[in-house]
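Just so you know, the sequence shown maps onto residues 1358 to 1570 in my numbering.
Virtual Cβ for every residue (Gly too), placed ideally from N, Cα, C.
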Amino acid sequence: MNSTKYILSILLLINSILVSFSQNKTDAEQLTNNFINSFQKQTIQSDFTIKVSEKNSVNSQLISGKIILRANQFFLESDELKVWFDGKTQWAYMKESNEVNISEPETDELAQINPIAIISAFKAASQIQFSKTKSPQNHVIELTAKNKKADFNKVIIQINKTTEDLQSIMIEYKNGTQNIIQFTNYQKGVNVKPEVFKFDKSKVRDAVVNDLR
């Protein structure tokens, strides 16, 4: 299994719904919209672990790292790669091959790698409601695919009731693959410089640069 592929394609589904929840479908939809709006106004930093499991858990892989998000910008680092995106240009540095791929993702590509775009894409294709699965600590919200031909069945998001921090996201695909993303050391309103979201060539001077723009 190509872990770089999963990191870039999941990338991260790392989001938070930062408002309180009431117990009906209409409110769940509105709260999801509120999250997308509020997310644009602050910087989020978190450690994460992604467990990718294929059908019947025949193969699974664990990926961990950290991510910093600000509106449509992000920086992600794992053991295998680092990714910077400043809202226009993306730099993906693969540590093993010592290569940097530079690109300017199109809208459909960003829908696979940008957290806000990912949540928006799932939201548009889903029925949104509070899950029947209850948690004493967390709010549990469920997005179920409207179209039977969609490539996913459902997405379940858990938010801490007290802190409103994102705890986990589970995505269940039609092909049997399941991604579970756990978040720790979750921080809101982090103060970072704009340079965080841009690649600094001076830090990896000997890297091979592939400009794909």
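Residues near residue i by beta carbon distance below 6 Å, same chain, minus five either side
| i | result |
| --- | --- |
| Thr1541 | Asp1404 |
| Phe1554 | Gln1430, Phe1432, Trp1441, Asp1443 |
| Phe1556 | Trp1441, Trp1448 |
| Gln1402 | Ile1425, Gln1544, Val1547 |
| Ser1410 | Ser1417, Gln1535 |
| Asp1522 | Tyr1543 |
| Val1565 | Glu1456 |
Own chain partners of residue i with C-beta closer than 8 Å, once the 5 adjacent residues on each side are dropped
| i | result |
| --- | --- |
| Asn1413 | Gly1533 |
| Arg1570 | Thr1446, Ile1459, Ser1460, Glu1461 |
When the options are compared against residue i, the one with the closest alpha-carbon
| i | options | result |
| --- | --- | --- |
| Ile1407 | Phe1556, Asn1536, Val1561, Ser1488 | Asn1536 |
| Pro1551 | Glu1386, Asp1384, Thr1400 | Thr1400 |
| Ile1498 | Gln1484, Ile1514, Ser1492 | Ile1514 |
| Ala1428 | Lys1545, Asp1557, Arg1562, Lys1558 | Lys1545 |
| Lys1531 | Glu1386, Lys1398, Glu1521, Lys1505 | Lys1505 |
| Asp1384 | Lys1398, Ser1488, Asn1567 | Ser1488 |
| Ser1483 | Lys1511, Thr1519, Ala1564, Lys1558 | Lys1511 |
| Asp1563 | Ala1502, Lys1503, Met1451 | Met1451 |
| Ala1502 | Ile1485, Lys1398, Leu1419 | Ile1485 |
| Lys1491 | Lys1560, Ile1516, Asn1567 | Ile1516 |
One or two residues paired with residue i in a DSSP bridge
| i | result |
| --- | --- |
| Ser1483 | Ala1502 |
| Asn1429 | Asn1429 is not bridged to any residue. |
| Glu1434 | Lys1423, Lys1439 |
| Lys1511 | Thr1501, Glu1529 |
| Ala1564 | Ala1564 is not bridged to any residue. |
| Asn1517 | Asn1495 |
| Leu1585 | Lying before the first or after the last residue shown, residue 1585 is absent from the chain, which here runs from 1358 to 1570. |
| Ser1460 | Gln1447 |
| Asn1536 | Val1409, Ile1528 |
Residue i classed as buried or exposed, judged by whether at least 16 other C-beta atoms fall within 10 angstroms
| i | result |
| --- | --- |
| Ser1379 | A caution first: Ser1379 carries a pLDDT of 38, below 50, which makes its placement in the model unreliable, though a value can still be read off. Answer is exposed; the Cβ neighbour count stays below 16. |
| Ile1436 | Correcting the residue identity first, residue 1436 is Asp in this sequence and not Ile. That one is exposed. |
| Asn1495 | buried |
| Gln1397 | exposed |
| Leu1438 | buried |
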